[in-house]
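Student: Structure provided below as structure tokens; questions to follow.
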Amino acid sequence: MQAKVRRYAASRATNIGWLRPLRPQRRVQQLDSQRGLLLHIVSLALGGCLKAEPVRYGLTEDTGGHITYILGEMEALSRREDIRFAEIVTRQFDEPRLGAVHTQPQEWINSKLVITRVESGNSAYLAKDALRDDRKAFTDALIAEFRGRDRLPDLIHAHFADAADVAMAVEKELGIPFIYTAHSLGIDKRAALAERSETIEARIAEEDRAIAKARAVIGSSRDECERQLAAYPSARIGRINRLVPGIDRGRSAGCISAASDLVAPFLRDPAKPMVLAIARPVHKKNLAALVDAFAASSLLRDRCNLVILAGLRDDLDTGNVEQQEIQRELVARIDRYDLYGSVAYPKSHSRDDVQGLYALAASTRGVFVNPALMEPYGLTIVEAAAHGLPVVATKIGGPQDIIAELEHGLLVDPCNTAEIGRAIERLVTERPLWDRCSKNAQVNSLDMNWDKYAAGFTLLAEEILAEPERKKRPTYLLVSDLDNTLTGCPKGIMRFGRFMQRQGEFGFVVATGRSIVEARRLVRDWKLPLPLAWITSVGTEVYLQHNGELVLDQAFARIVERGWDPHAVDSVVAGFPELVPQPSYEQRPHKRSYFVEDTGCIAKIERALRLEGIAARVVFSHGRLLDILPPAAGKAAAMRYVAGQFGIASARVFAAGDSGNDVDMLTACENAILVGNHAEEVASLAARPNVYRSRRQNASGALEGVLAHHRARQLRLRQNGRIPA
1 MQAKVRRYAA
11 SRATNIGWLR
21 PLRPQRRVQQ
31 LDSQRGLLLH
41 IVSLALGGCL
51 KAEPVRYGLT
61 EDTGGHITYI
71 LGEMEALSRR
81 EDIRFAEIVT
91 RQFDEPRLGA
101 VHTQPQEWIN
111 SKLVITRVES
121 GNSAYLAKDA
131 LRDDRKAFTD
141 ALIAEFRGRD
151 RLPDLIHAHF
161 ADAADVAMAV
171 EKELGIPFIY
181 TAHSLGIDKR
191 AALAERSETI
201 EARIAEEDRA
211 IAKARAVIGS
221 SRDECERQLA
231 AYPSARIGRI
241 NRLVPGIDRG
251 RSAGCISAAS
261 DLVAPFLRDP
271 AKPMVLAIAR
281 PVHKKNLAAL
291 VDAFAASSLL
301 RDRCNLVILA
311 GLRDDLDTGN
321 VEQQEIQREL
331 VARIDRYDLY
341 GSVAYPKSHS
351 RDDVQGLYAL
361 AASTRGVFVN
371 PALMEPYGLT
381 IVEAAAHGLP
391 VVATKIGGPQ
401 DIIAELEHGL
411 LVDPCNTAEI
421 GRAIERLVTE
431 RPLWDRCSKN
441 AQVNSLDMNW
451 DKYAAGFTLL
461 AEEILAEPER
471 KKRPTYLLVS
481 DLDNTLTGCP
491 KGIMRFGRFM
501 QRQGEFGFVV
511 ATGRSIVEAR
521 RLVRDWKLPL
531 PLAWITSVGT
541 EVYLQHNGEL
551 VLDQAFARIV
561 ERGWDPHAVD
571 SVVAGFPELV
581 PQPSYEQRPH
591 KRSYFVEDTG
601 CIAKIERALR
611 LEGIAARVVF
621 SHGRLLDILP
631 PAAGKAAAMR
641 YVAGQFGIAS
651 ARVFAAGDSG
661 NDVDMLTACE
671 NAILVGNHAE
681 EVASLAARPN
691 VYRSRRQNAS
701 GALEGVLAHH
711 RARQLRLRQN
721 GRIPA
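Residue numbers (full-length UniProt numbering): 1 to 725.
Structural data, given as structure tokens:
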């Protein structure tokens, strides 16, 4: 992949010719002669006071979490040896109140990372909608800036739709491809509005254009990738990628001490458990509901302190209209409920103060609360986790993914203040629950780091920049589950990758219970070979490459759809309260998915479906996951379909798995492999003559099984005289 990327970038650089370089870049470029041509990534964002840390978050309405994201992303990219140069591009402005640094054309963060500020001709600070009028001038200035350089960037990462619009113009003019990250999408915001407006409709249309034109779209959460982005008319699932942002783990005793000093003047007893909220002062963050929930609970008023960081202010008359409304509303509610002495709402804070407050809240056995009406991701929820601080969060948007993965808190309806209050009360009063959530937070959040994000981003960039590769048609097919079958051991993954690279006659196909977005994330995270085809959602969906893009195979979808009545399934399952529906994005067109603790109900469900004359397959796996599928679906059916698409006979197909949702595939395949770490629920399959039980685990076990079956097949062919001895 690297070689193909280098050929692409080298040919483009040659065609452009050598122009004026960025002076400090010369030393970086000297490394290229030793390592080969490396990547120059630009991160483009127009709004907010974008600068190196320390950043005064909340200083303006759009100086928010996206700056943490961009700085974390680009600092991690700059640490990588395969990145030549990391550059943040934003708008230059002159507003003394916001800091003189924003007038500087360049701000170097390290020897490979710079913030470049482009002068558009308008030196005023512009927020959100006002930026639109300046966009054409900024775009022209940016194109001129790039034209005047020694070498063009290889890729632009556009943050928000306005930056994507600029990136489209740059790509049209200079041929630099771009990736788009939305951060916050308009469709969900429109749903929360009392009535539609021209402004929100224009925003949604601009987001749709960005989704249509970007080479790839990045989302942070499953909800963002599989529900929010997928709702746009131009969305193509093969271009949507989930990359999980990292978090800042920096903290010190000094930070905690400074945080204590920040809130102590407000509080009668600072040692009480802290109920902490950190959000920009905008209506959608729903901070007033948190004050209502706290005030309505005599338990919380008696035992806890409430601390709210709602942006920065000089007084209640500064900031835009929305900021003023929110901050005045908070003060009015605090006054109405007479919460003085048990609530703190500092006027200003630093990044260190924020880290200190997370740690201080955890030390008091407190809770972090995000009551937003809709939260696209929820970076503060993950930051709280890094400090071992349990959370109560909105169930609308990304937090449902984060809490499902980290298991460090409770989800609530943001419109139900009583529910918010009860959830906080539970965490404050139920000591074992708080301890479990705190431990889960610290352990499970370790995997969320910017270096891992940067590795995934670089792989995605390489896929975009690589020249199309002609692959010869495989003569054998390995169809394998992902979780635990291949994943689990990095060394095994490396051996598996080397085998697939050497053995060009083997094609690799993923067969997983995960969605296509999650399957692609896992393949990227574990550095697995790119599959020829993807069987996802327990064999109800097949994705194939078509004209260079991954698309849902409609022919297989039509096969699966026959005889499928999901509403009838819903009606039957409603009679089983022991089934808990999995999140909405797991409910696919041809799949219904549940959590089940009492396995005794599975036979009853199958019987109930039969009695109602409903044709369906019930698949139980991993000890608690239940999927109900169309009768024509499943991994076995999808495996046969994919093999047919590549013209490969069943005798040349190998299948590897480890759990209940692999049973039909392992039963049907002539060359089935049960990896050594298989679940107890499929142990009986080892007795079948077509199943090889590997001694090794994970990818090493899958590879062991492939080689064993292949040797046995070659031996049979020799014995039959089909191939020479």
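Every residue gets a Cβ at the ideal spot worked out from N, C-alpha and C, and that includes glycine.
From a predicted model like this one, the values you see are computed outputs, not experimental measurements.
1) Where do the ends of the alpha helix (DSSP H) carrying Val560 lie?
2) For Ala231 and Ile187, I'd like the C-alpha separation in whole angstroms.
3) In its own chain, which residues sit with a C-beta less than 8 angstroms from the C-beta of Gln34, not counting the 5 before and 5 after it?
4) Determine, using beta carbons only, whether Val538 and Ala655 come nearer to each other than 9 angstroms.
5) Shortest alpha-carbon distance to Ala332 belongs to which of Ala295, Ala130, Leu410?
6) So does the stretch 105 to 125 actually touch the stretch 70 to 86, counting three or more Cβ pairs closer than 8 angstroms?
7) Restricting to Cα atoms, I'd like to know which of Gly48, Glu383, Leu579, Glu75 is closest to Phe457.
8) Please confirm if the stretch 660 to 680 is in contact with the stretch 473 to 493, defined as three or more CB-CB distances below 8 angstroms between the two stretches.
9) With DSSP collapsed to three states, give me the class of Met74.
10) Should Ala192 go down as buried or exposed, given a rule of 16 or more other Cβ atoms within 10 Å for buried?
11) I'd like to know whether the C-beta atoms of Ile179 and Arg215 end up nearer to each other than 9 angstroms.
12) Judging by CA-CA distance, which residue of Lys51, Gly238, Leu44 is the nearest neighbour of Phe160?
13) List the endpoints of the continuous beta strand (DSSP E) containing Tyr358.
14) Could you tell me which of Ala259, Val569, Tyr543 sits nearest to Thr512, measuring between CA atoms?
15) I'd like to know whether the C-beta atoms of Leu306 and Leu339 end up nearer to each other than 9 angstroms.
16) DSSP state of Trp564, grouped into three classes?
17) Am I right that His349 and Leu262 are in contact with their C-beta atoms under 8 angstroms? What's the rounded C-beta distance?
18) Between Gly148 and Leu142, what straight-line distance do the alpha-carbon atoms span, to the nearest angstrom?
19) What distance in whole Å lies between the Cβ atoms of Ile628 and Arg592, which are believed to be in contact at a cut-off of 8 angstroms?
20) Going by the CB atoms, is the gap between Asn370 and Ala258 shorter than 9 angstroms?
21) Of all the options Arg431, Glu430, Val217, which has the alpha carbon lying nearest to the alpha carbon of Ala235?
22) List the residues that DSSP assigns as beta-bridge partners of Gln106.
23) Comparing alpha-carbon positions, which option in Asp664, Glu612, Ala158, Ala638 lies nearest Ala555?
24) By Cβ distance below 6 angstroms, which residues in the same chain neighbour Ala169 in space, the five residues on each side in sequence not counted?
25) Contact between the stretch 489 to 507 and the stretch 694 to 709 is defined here as three or more beta-carbon pairs at a separation below 8 angstroms; is this criterion met?
26) Considering only DSSP beta bridges, list what Leu267 is partnered with.
27) With a threshold of 16 other CB atoms inside 10 Å of the CB of Gln714, please say whether the residue is buried or exposed.
28) On a CA-only basis, which of Asn449, Lys472, Gly366 is nearest Glu430? Give me that one, please.
29) Restricting to runs no shorter than 3 residues, where is the beta strand (DSSP E) found entirely within the stretch 608 to 668?
30) Looking at C-alpha atoms only, which residue of Lys472, Val517, Glu518 is the closest neighbour of Gln501?
31) For Glu87, does the three-state DSSP call read helix, strand or coil?
32) Looking at the unbroken alpha helix (DSSP H) that takes in Pro432, where does it start and where does it end?
33) According to DSSP, is Tyr543 part of a helix, a strand, or is it coil?
34) CB-CB under 8 angstroms to Pro583, same chain, minus the five flanking residues each way: which ones, in chain order?
35) Does the beta carbon of Arg249 fall short of 8 angstroms from some heavy atom of the ligand NAP?
36) With a floor of 4 residues, list each alpha helix (DSSP H) that falls wholly inside the stretch 177 to 234, ordered by position along the chain.
Tutor: This is what the structure gives:
1) As a first step, residue 560 must be located in the sequence shown, where it is residue number 560. 554 to 561 is the span of the alpha helix (DSSP H), which, as asked, contains Val560.
2) Counting from one through the sequence shown, the residue named residue 231 turns up at place 231. Counting from one through the sequence shown, the residue named residue 187 turns up at place 187. C-alpha separation (whole angstroms): 8 angstroms.
3) Locating residue 34 in the sequence shown gives position 34, where the first residue counts as 1. Unreliable placement is indicated for Gln34, whose pLDDT of 36 sits below 50; no coordinate value is reported for it.
4) Locating residue 538 in the sequence shown gives position 538, where the first residue counts as 1. Locating residue 655 in the sequence shown gives position 655, where the first residue counts as 1. Against a cut-off of 9 angstroms, the Cβ pair of Ala655 and Val538 comes out as no contact.
5) For this step, residue 332 is matched to residue 332 along the sequence shown. Sorting Ala295, Ala130, Leu410 by C-alpha distance to the C-alpha of Ala332 places Ala295 at the top.
6) The stretch 105 to 125 vs the stretch 70 to 86: in contact.
7) By one-based count along the sequence shown, residue 457 stands at place 457. Of the candidates Gly48, Glu383, Leu579, Glu75, the one whose C-alpha sits nearest the C-alpha of Phe457 is Glu75.
8) Touching, per the Cβ criterion.
9) Here residue 74 refers to the residue found at position 74 of the sequence shown. Three-state result, Met74: helix.
10) Translated into positions along the sequence shown, residue 192 becomes position 192. Classification of Ala192: exposed, given that the 10 Å Cβ count is below 16.
11) To locate residue 179, count along the sequence shown from 1; it is residue 179. To locate residue 215, count along the sequence shown from 1; it is residue 215. For Ile179 and Arg215, yes; Cβs fall inside 9 angstroms.
12) Position 160 of the sequence shown, counted from the start, is the residue given in the question as residue 160. Comparing Cα positions, the closest option is Leu44.
13) As a first step, residue 358 is located in the sequence shown; it is residue number 358 there, counting from the start. Unbroken run through Tyr358 is the alpha helix (DSSP H), 351 to 363; no beta strand (DSSP E).
14) Working through the sequence shown from its first residue, we reach residue 512 at position 512. In terms of CA proximity to Thr512, Tyr543 leads the group Ala259, Val569, Tyr543.
15) Indexing the sequence shown from 1 puts residue 306 at position 306. Indexing the sequence shown from 1 puts residue 339 at position 339. Less than 9 angstroms divides the Cβ of Leu306 from the Cβ of Leu339.
16) Taking the sequence shown and counting its residues from 1, the one referred to as residue 564 is at position 564. Looking at Trp564 - three-state DSSP - the assignment turns out to be coil, as it is neither helix nor strand.
17) What you label residue 349 is simply residue 349 of the sequence shown in a count that begins at 1. What you label residue 262 is simply residue 262 of the sequence shown in a count that begins at 1. That pair is a contact at about 6 angstroms.
18) Numbered from 1 along the sequence shown, position 148 holds the residue referred to as residue 148. Numbered from 1 along the sequence shown, position 142 holds the residue referred to as residue 142. Going by C-alpha positions, Gly148 is about 10 angstroms away from Leu142.
19) Within the sequence shown, numbered from 1, the residue matching residue 592 stands at position 592. Within the sequence shown, numbered from 1, the residue matching residue 628 stands at position 628. With 8 angstroms as the limit, Arg592 and Ile628 qualify as a contact, their Cβ atoms being about 4 angstroms apart.
20) On the sequence shown, position 258 is the one that residue 258 refers to. On the sequence shown, position 370 is the one that residue 370 refers to. No.
21) Your numbering for residue 235 matches position 235 in the sequence shown. Of Arg431, Glu430, Val217, the smallest CA-CA separation from Ala235 is found for Val217.
22) One-based indexing of the sequence shown puts residue 106 at position 106. DSSP lists Thr116 as the beta-bridge partner residues of Gln106.
23) What you label residue 555 is simply residue 555 of the sequence shown in a count that begins at 1. Between Ala555 and the set Asp664, Glu612, Ala158, Ala638, the nearest pair of CA atoms involves Ala638.
24) As a first step, residue 169 must be located in the sequence shown, where it is residue number 169. Cβ within range, chain order: Thr139.
25) Touching, yes, given that three or more Cβ pairs across the two stretches are closer than 8 angstroms.
26) Mapped onto the sequence shown, residue 267 falls at position 267. Note: Leu267 sits in a beta bridge opposite Gly341.
27) Position 714 of the sequence shown, counted from the start, is the residue given in the question as residue 714. Classification for Gln714: exposed.
28) Within the sequence shown, numbered from 1, the residue matching residue 430 stands at position 430. Residue Gly366 is the option with its Cα nearest to Glu430.
29) Whole beta strand (DSSP E) segments, 3+ residues: 617 to 621, 625 to 629, 653 to 657.
30) Here the question's residue 501 lines up with position 501 in the sequence shown. Nearest option by C-alpha distance: Lys472.
31) Along the sequence shown, one-based indexing puts residue 87 at 87. In this structure, Glu87 counts as strand in the three-state DSSP scheme.
32) Indexing the sequence shown from 1 puts residue 432 at position 432. Annotation: the continuous alpha helix (DSSP H) that includes Pro432 extends over 431 to 444.
33) Position 543 of the sequence shown, counting from 1, holds the residue named residue 543. Strand at Tyr543.
34) Residue numbering aside, residue 583 sits at position 583 when the sequence shown is read from its first letter. So the list reads Arg222, Asp223, Gln400, Asp401, Ala404, once near-sequence residues are dropped.
35) In the structure shown, the ligand NAP is absent, as is every other ligand, since no ligand is present at all.
36) Within the stretch 177 to 234, the runs of alpha helix (DSSP H) that reach at least 4 residues and sit entirely inside it are, in chain order, 186 to 192, 198 to 213.
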